[in-house]
Amino acid sequence: MVPTISRIVQALEPSATMAMAAKARELKAAGRTVYDLSLGEPDFVTPQHICQAAVEAMEAGHTHYTPASGIPELKKAVAEQYRAAHHLEYAPEQVVISNGAKHALHNVFTVLLDPGDEVIIPAPYWVSYAELVKLTGAVPVVVQTRQEDDFKLTPGQLRGAVTERTKILLLCSPSNPTGSMYSPDELGALADVAIEHDLLVVADEIYERLVYEGHRFASFATVRPGLQERTILVNGVSKTYAMTGWRIGWTLSPANVAKAMGSLQSQQTSNPSSIGQYAALAAITGPQACVDVMLAEFARRREFVTRRIAEIPGFSCAEIGGAFYAFINIREHLGRSYNGVQIDGSSQWCLQLLDQQNVATVMGSAFGTEGYARVSFATSMENLEAAFGLIEEFVAGG
Ligand SMILES: Cc1ncc(COP(=O)(O)O)c(C=O)c1O
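If you want it as C-alpha cells, here you go:
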C-alpha cells in the first residue's frame with residue numbers, strides 16, 4: 026500500500042529557498058561553477074570563541090537533557106540582552122529557547138492559533154511564515170505591500186485586512202526578503218491599529234543586529250507603552266553570529282504563552298541541543314567585535330549590490346536598511362525570450378538564470394510577490410562580482 030499523507034502536510038509548499046540551493050548544489054556536483062545567491066546564511070565561520078565555548082561545554086559534561094525550554098543561564102542572558110539593548114523587562118521564564126527561530130515561530134503559531142483564525146502577513150514575506158500558519162489550520166491573510174512604500178505595510182492596509190477572525194499580525198524588520206526596515210514611527214502607527222483591534226503581534230527580529238548606517242532598529246515591543254502584553258518577539262543567533270547550523274533561536278512573550286510553548290516543546294522536541302545552547306550563551310555574553318566585522322563586510326557588499334542593481338537596465342530595488350538581501354524588480358524583463366526560451370514569471374526567470382548562467386537566486390513568487398527575484402549577499406564579493414556580471418549578460422541577451 027502507499028501510505029496517505031495527511032491533508033495538512035500535503036498542502037505544505039516545500040521551502041523554495043532550500044529547493045533552489047539544492048538545485049545549485051546538484052549543478053555543482055555535476056561539475057558546473059555555480060554562483061549561489063540563493064541562501065540566507067552568513068558565509069562566515071562561527072567565531073572561534075563561540076566554538077571554543079561549545080568544546081568546553083562538552084568537556085564539562087553538558088551533554089545531557091536540559092530543561093525543555095532551555096538552560097536558565099541562556100534565558101537570563103537573553104532577557105538581560107533585551108534589557109540592555111531595548112530597556113525591556115522580561116523575566117527569564119518569559120524566554121523559551123528553541124531549535125532555531127523557525128522552530129520558535131512554529132511554537133508560537135501552534136500555541137496561539139485555532140483552525141480558522143487569521144494571521145495577517147505582509148508580502149513579500151519570508152517563505153516559511155504562511156506554511157507554518159497553515160500547519161495549525163489557521164489562515165494566512167497575505168497583504169501585498171508596494172515597492173514605492175519600501176515594501177512596508179501601511180496602517181490603512183492593515184486596517185483593511187482585519188476581520189473578526191484576525192488574531193495575529195506578523196512583522197519582520199529588517200525584512201527577509203526585501204531588506205527594508207520599519208522606522209520606530211512606522212511601527213508605532215501599526216501598533217496603534219493592533220491595539221485598536223486587539224491583535225497580537227509576532228515580531229521577527231532575527232536581523233536586528235544587521236542594520237546599516239542611516240537606519241535605526243527599534244524592537245516592536247518598545248514603540249508604544251504596554252505592547253509587551255500583546256507582542257511575541259522572535260530572535261536567535263543564526264544570522265548575527267553565523268550560527269545557522271547550531272539551531273538556537275528564542276522567543277520573549279507574555280508568561281502564559283511562554284509556559285504553553287515550554288509544555289509544547291517538552292512533548293515535541295525536548296530541549297534544543299545542550300551544546301548549542303552553551304555556544305549561544307557565549308555568543309550573546311562574549312565579545313561582540315565579531316558582529317561588527319561581519320556587519321562591515323555585509324555593508325561593503327550591500328553597497329556593491331545596490332550599485333549594480335541601479336546600473337542594470339530595468340532593475341530596481343527598495344532601500345536595503347538591514348539583513349543581507351536585495352529584492353530585485355525584474356518586471357521589465359519578463360514576457361520575452363532568453364536564448365529562445367520564453368520567460369513569463371519569476372520562477373522561470375530564476376530557473377533559466379541558473380540553467381543558462383549558473384547563478385542561483387530565488388523567485389519572488391516564493392515570497393508571495395510575483396515579478397521579483399531575491400539575491401542574498403551572504404556570499405563573497407568575488408562571487409557577487411561574477412554573478413552580477415552574468416546576470417547583466419543574461420538580461421542583455423536573448
Ligand atoms: C526572517 C527569518 N526568520 C527566521 C529565520 C529562521 O532562522 P533560524 O535559522 O534561527 O531557524 C530566517 C532564516 O532564514 C529568516 O530569514
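Positions in the sequence shown are counted from 1; adding 25 to them yields this note's numbering. Here a beta-carbon is modelled for each residue, glycine too, at the ideal position from N, C-alpha and C.
At a cut-off of 6 Å, the beta-carbon of Trp151 counts as near ligand 1: some heavy atom of the ligand is closer than that. Ser295 has its CB no nearer than 6 Å to any heavy atom of ligand 1.
Secondary structure at Gln293: helix, using DSSP grouped into helix, strand and coil. Proximity of the beta carbon of Ile231 to ligand 1 is indicated: a heavy atom of the ligand is located closer than 6 Å.
Ligand 1 has no heavy atom closer than 6 Å to the beta-carbon of Asn408. Note on the stretch 175 to 230: whole beta strand (DSSP E) runs with a minimum of 3 residues are 191 to 197, 225 to 229, in chain order. Secondary structure note for Tyr397: it is in no alpha helix (DSSP H), and the uninterrupted beta strand (DSSP E) holding it is 397 to 401. The closest heavy atom of ligand 1 lies 6 Å or more from the beta carbon of Ser362. Distance from the CA of Cys197 to the CA of Asp229, rounded to the nearest whole angstrom, comes to 5 Å. Contact check between the stretch 94 to 114 and the stretch 236 to 254: three or more CB pairs, one atom from each, fall below 8 Å, which counts as touching.
By the neighbour-count criterion, in which 16 or more other beta carbons inside 10 Å mark a residue as buried, Asn296 falls on the buried side. Taking C-beta separations shorter than 7 Å and ignoring five residues to either side along the sequence, the partners of Arg356 in its chain run Gly396, following chain order. Gly261 and Ala85 do not touch by the CB rule: their CB atoms are close to 23 Å apart, not below 8 Å. CA-to-CA, the gap between Pro338 and Arg325 works out to about 22 Å. Beyond the five residues adjoining it in sequence on each side, Cys375 comes within less than 6 Å, by CB distance, of Thr386, Met388, Ala398 in the same chain, given in chain order. Three or more Cβ pairs drawn from the stretch 259 to 273 and the stretch 306 to 324 lie within less than 8 Å of each other, which places the two stretches in contact.
A straight line joining the alpha-carbon of Gln292 with that of Ala129 spans about 15 Å. Of all alpha-carbon atoms in Ser288, Ile273, Phe413, Arg332, the one lying nearest the alpha-carbon of Ala304 is that of Ile273. In the DSSP annotation of this structure, the continuous segment of the alpha helix (DSSP H) that includes Tyr303 starts and ends at 299 to 310. The beta carbons of Phe134 and Val158 sit closer together than 7 Å. Straight through space, the alpha carbons of Gln313 and Asn354 are spaced by roughly 35 Å. Ranked by Cα distance from Pro97, the first of Val80, Leu113, Ile122 is Ile122. Shortest gap from the CB of Asn201 to any heavy atom of ligand 1: under 6 Å.
Taking the CA atoms as reference points, Thr188 sits about 15 Å from Val226.
Between Val120 and Arg234, the gap from beta carbon to beta carbon reaches 7 Å or more. Counting only residues of its own chain and dropping the five nearest sequence neighbours on each side, Arg184 has a CB closer than 7 Å to the CB of Val218. Proximity to Asn364 across Gly422, Pro199, Asp380 peaks at Gly422, based on C-alpha coordinates. Ranked by Cα distance from His111, the options Pro209, Glu418, Gln381 are led by Pro209. Distances from the alpha-carbon of Val236 to those of Lys192, Val152, Glu81, Val318 put Val318 closest. At a threshold of 6 Å, Lys177 does not count as near ligand 1, since its beta carbon sits no closer than that to any of the ligand's heavy atoms. In the displayed model, Ser341 falls within a strand according to three-state DSSP. Fully contained in the stretch 323 to 387 are the following beta strand (DSSP E) runs of length 3 or more, in chain order: 350 to 354, 361 to 363, 366 to 368.
In the three-state DSSP reduction, Asp317 falls in the helix class (H, G or I). Boundaries of the alpha helix (DSSP H) harbouring Leu157: 153 to 159, taken from the DSSP string. In this structure, DSSP gives Leu415 a helical state, which the three-state scheme calls helix. In the assembly as shown, Asp175 is a buried residue. Its beta-carbon has 16 or more other beta-carbons within 10 Å.
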